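**Q** Residue numbers (our numbering), protein chains in the order written: chain A, 1 to 503; chain B, 1001 to 1176.
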Amino acid sequence: MSAAAAIIRAGAAADQHPWPRHVLSRERWQALAAALNAADAPPLQGLWAEAERVHALFLDAGSPLSASIEVAGGTYPALSPHCPAASWFERMIHDLFGHVAEGGRDPRPWLDHGAWSTAAPLGPRQAALPPRVGAPEPPEFLQVEGEDLNQIGLGPVAGAITEPAHLRLTAQGETLVRLEVRLGYAHKGTLGLMRGTPPRVAARFAARLSGGSTVAHGLAYAHAIEAALGVTPPPRAVALRAVMAELERIRAHLDAATAIAAEAGSAFLEARFGWHREAMLEAGGRAFGHRLMMDGVAPGGLATDIAADGADAIRGALGALERELPELARILERSASLGSRIGDIGRLAPELVARFGASGPVRRACGLGGDARLAPGYPPYATLGLDVPTRSGSDVAARLRVRLDDVPESTRLLRALLAALPDGTIATALPAASGEGLGVAEASRGTVWHWVRIEGGLVAGAFARDPDWSHWPLLEAAMRNGLVADLPLCAASFGLTSSGVDL
Amino acid sequence: MTIWGRLLHTLRHAPATRPEAPPSAETATALAARLDAAAQRRLGRSLAIRHVGAGGCDGCELELRALNGIVYDLERFGLRFVTSPRHADVLLATGPLTRNMAEALARTHAAMGEPKWVVAVGDCAIDGGVFKGSYACLGGITTLPVDLVIRGCPPTPWQVLDGLRALIEANAAPAR
Ligand code: SF4
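(1) If you measure from the beta carbon of Val181 (chain A) to each beta carbon in chain B, is any gap under 8 angstroms?
(2) Identify whether Cys1137 (chain B) lies in helix, strand or coil by the three-state DSSP scheme.
(3) Would Gly159 (chain A) pass as a contact of Thr1083 (chain B) if the rule is Cβ separation under 8 angstroms?
(4) Which residues in chain B sit within 9 angstroms of Trp116 (chain A), going by Cβ to Cβ distance?
(5) Taking C-beta to C-beta, are Ala328 (chain A) and Thr411 (chain A) nearer than 8 angstroms?
(6) Does Ala1038 (chain B) have its Cβ less than 8 angstroms from a Cβ in chain A?
(7) Is Asp1089 (chain B) near ligand 1 - that is, is its Cβ less than 7 angstroms away from at least one heavy atom of it?
(8) With 8 angstroms as the C-beta to C-beta threshold (strictly closer), list the residues of the segment 243-256 of chain A near chain B in chain order.
(9) Counting only runs that start and end within the segment 1060-1102 of chain B, where is the beta strand (DSSP E) found for 3 or more residues in a row?
(10) What would DSSP say about Tyr221 (chain A), mapped onto helix, strand or coil?
(11) Is Leu1161 (chain B) close to chain A? Criterion is C-beta to C-beta, closer than 8 angstroms.
(12) Please report the distance separating the alpha-carbon of Pro408 (chain A) from that of Arg334 (chain A).
(13) Pro18 (chain A) by DSSP, collapsed to three states: which one?
(14) With a cut-off of 8 angstroms, do at least 3 Cβ pairs link the segment 228-242 of chain A to the segment 491-502 of chain A?
(15) Across the segment 372-386 of chain A and the segment 430-447 of chain A, are there enough close Cβ pairs to call them in contact, namely three or more that are closer than 8 angstroms?
(16) Apply the 10 Å Cβ neighbour rule to Gln30 (chain A) and answer buried if 16 or more other Cβ atoms are within range, or exposed otherwise.
(17) From Arg277 (chain A) to Glu145 (chain A), what distance separates their C-alpha atoms?
(18) Would Phe1077 (chain B) pass as an interface residue toward chain A - the criterion being a Cβ-Cβ separation below 8 angstroms?
(19) Could you tell me the distance, in whole angstroms, from the CA atom of Ile1141 (chain B) to the CA atom of Ala1125 (chain B)?
(20) Run through DSSP, which three-state label would Gly274 (chain A) get?
(21) Counting only beta-carbon separations shorter than 8 angstroms, does Leu1144 (chain B) have a partner in chain A?
(22) Taking DSSP as the reference, what is the three-state secondary structure of Pro299 (chain A)?
(23) How would you list, in chain order, the residues of chain B whose beta-carbon sits under 9 angstroms from the beta-carbon of Arg208 (chain A)?
(24) From this set, A:Pro389, A:Pro107, A:Gly62, which residue's C-alpha is nearest Val362 (chain A)'s C-alpha?
(25) If you compare alpha carbons, which of A:Thr425, A:Leu302, A:Asp486, A:Val54 is closest to Gly461 (chain A)?
(26) Say yes only if the C-beta of Cys83 (chain A) is nearer than 7 angstroms to one or more non-hydrogen atoms of ligand 1, and no if none qualify.
(27) Quick one: which residues of the segment 183-194 of chain A get their C-beta closer than 7 angstroms to a C-beta of chain B? List them in chain order.
(28) For Asn150 (chain A), which residues of its own chain have a beta-carbon under 7 angstroms away from its beta-carbon, when the five flanking residues on both sides are left out?
(29) Rounded to a whole number of angstroms, what is the C-alpha to C-alpha distance between Ala1038 (chain B) and Ile306 (chain A)?
(30) Using a C-beta to C-beta distance shorter than 7 angstroms, which residues of chain A count as neighbours of Leu1167 (chain B)?
(31) Taking DSSP's pairing of strands, which residues face Pro64 (chain A) in a bridge?
(32) State the CB to CB distance for the pair Asp1089 (chain B) and Ala1048 (chain B), rounded to an integer number of angstroms; the pair is presumed to be in contact (CB under 8 angstroms).
(33) Would you say Leu281 (chain A) lies against chain B (beta-carbon separation less than 8 angstroms)?
(34) Taking buried to mean at least 16 other C-beta atoms within 10 Å of its own C-beta, is Gly346 (chain A) buried or exposed?
(35) Between which two residues does the alpha helix (DSSP H) harbouring Val402 (chain A) extend?
(36) With hydrogens ignored, establish whether the beta-carbon of Val1130 (chain B) is closer than 7 angstroms to any heavy atom of ligand 1.
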């Protein structure tokens, strides 16, 4: 066991379900921070806060490991000096709750662009702060030293049909010296809106953290609520949730593949991937009454059962894709111009990918395994078996290939699930009880974590860790010393979203 | 496979685009009344659309990307998405208009020439949707004059197309 994991496990266990949360003193938290330097330290998955507490979530050999510290005098010791992945989280905690990460490596604001009516809108000291007046501050970007450098700002309005983000490029001629990402434009105050509502109402916000992963977010949130309240969803709901999740996975991979093909200049692959993406959207609509299957998962089970012809609609879309996918993959492998366009761009060192707690295609494209459906795991995957493909190369091509590799496996799972749907009810009632829960689900983009605190049947606190918290900083790393012209293609291969991270 | 093989392969598939349904007549008349003759002459029968994501969940964007893809073949309706605001006739906004996006939205709108339309797509662009009342949102595209709203969370590509075609009809209607 790593020193960091041992420090956490030595802390008294609080009642977080199904995995305990270890309460650390200020001294032990500081010792934990220092231990995060070690090469074998567990990667940080997320850092979040409540009015008087900060939580950290790590992944230790596939198992979640939670630690927390009480905030004292509005501060807690920063993890970021020893764990760069903590930096954006510390800035987020400061902007939403007002807690200061003492010794943090980057004190600049993150989500708060100076446009809200109050500072620290979720924090305990919020009422005491003076109201904001005047125009938002211009953002501060990192300084880069050197000759002949020019800076270009892209976004937040990008031109393409995408979410808002600002990319600050520092270039020397054609070469990128630094890429700095600024997010927060899609900050909707989701965590604040969830507070004080019953779990089934708050589910609507969880489902809208990131529309392309609405099922995965809904599922991780439902797992957290069910863990907190000790509820088990009925077998039919468990099976149908997996149907929705696998259908979403295939559709989302096709969405990413369409975007990559478009950036790589392959109109044919773009059209065919786009055609199958549409078929999956339509199958979702016919089976569950909503093309993205939004609000289909509910805490306790499902909000809607599958339509009578739903299984056939899904099988039809899968069949068409199954027939054409090998041919599309062959075109991808054989086309020399495409191969040279997508190979060797945006490479990442596996050590960095692991250290940033990356998951999904970004992780699996550099030879590293890992999938939350298997570890820590959740039903029904253990009984179905699951093969999680990996690729090596860690470039645009590998990130595209590993997505396409997922498709046959999800197709197999869907066929098996649809062939043996259990009968029975689709939801278990939730008690108006109290509890704390952590839930997980594997989205197409990686691992989604949700944490909730329920008090007297209402959500008292919530957090969602979208996988792209880890992936945006890796895009910055992947583009270092790359060509400015390759940025759109490299970004498409990451398939990054703003809303889930912006909260 | 050769390029010819690929073409044949594509031809053998069912047509990728869908048959069209007429846009709602009521919407078209109402919109025509809002556009003067000069504007109609300038815009003609085709519209260039500039999308601005004003902080939604990406669900609306996802359906817009689907609409822009081959299956819904926008160009045959005289509609196309453009990247520069200077070439755009329509600002199509999605999202609840987060406070953090208000300035960028206003700037994009200001950079567009006259005449211009503003279309709010999706429930959250209309009135904030589920995000209504948040400290971080302005409750929809409230800071610009909105000409057309398209409901749904998200609206299907068909619903978006229906709305945009009504805009074209209005655009081409004879001046009164
Ligand atoms: S209307 Fe619905 S789908 Fe569209 S951005 Fe808002 S929440 Fe997402």
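From the three backbone atoms N, C-alpha and C, an ideal C-beta is built for every residue, glycine too.
In this text, all values refer to a predicted model and were calculated from it rather than measured experimentally.
**A** The relevant details are as follows:
(1) Not one chain B Cβ lies under 8 angstroms of Val181 (chain A).
(2) strand
(3) yes
(4) Arg1099, Asn1100, Tyr1135, Ala1136
(5) The amino acid occupying residue 328 (chain A) in the given sequence is Leu; Ala does not appear at that position. No. Outside cutoff.
(6) Since pLDDT at Ala1038 (chain B) reaches only 47, below the 50 mark, its modelled position is unreliable, and the value read off the structure follows with that caveat. No - not a single Cβ of chain A is within 8 angstroms of the one on Ala1038 (chain B).
(7) No; taking the cut-off as 7 angstroms, the Cβ of Asp1089 (chain B) has no heavy atom of ligand 1 nearer than that.
(8) Going along the segment 243-256 of chain A in chain order, one finds Asp255 with a Cβ nearer than 8 angstroms to chain B.
(9) 1079-1081, 1090-1094
(10) helix
(11) no
(12) Cα to Cα, the separation comes out at about 20 angstroms.
(13) coil
(14) They do not touch, by the three-pair rule.
(15) Short answer: they touch.
(16) buried
(17) 45 angstroms
(18) Not closer than 8 angstroms to any Cβ of chain A, the Cβ of Phe1077 (chain B) fails to qualify, so no.
(19) C-alpha separation (whole angstroms): 5 angstroms.
(20) helix
(21) No, its Cβ sits nowhere closer than 8 angstroms to a Cβ of chain A.
(22) Pro299 (chain A): coil per DSSP, three-state reduction.
(23) Gly1056, Cys1057, Gly1059, Cys1124, Gly1129, Val1130, Phe1131, Cys1153
(24) A:Pro389
(25) A:Val54
(26) no
(27) Gly184, Tyr185, Ala186, His187, Lys188, Gly189, Gly192, Leu193
(28) Counting only Cβ-Cβ distances below 7 angstroms, and skipping sequence neighbours, we find Ala171.
(29) Model confidence at Ala1038 (chain B) stands at a pLDDT of 47, short of 50, so the residue's coordinates are unreliable and nothing is read from them.
(30) Per Cβ cutoff of 7 angstroms: no residues; Leu1167 (chain B) is ~17 angstroms from chain A at best.
(31) A:Leu59
(32) Asp1089 (chain B) to Ala1048 (chain B), Cβ: 5 angstroms. Contact.
(33) Interface residue, yes.
(34) buried
(35) 396-419
(36) Yes - ligand 1 has a heavy atom lying nearer than 7 angstroms to the Cβ of Val1130 (chain B).
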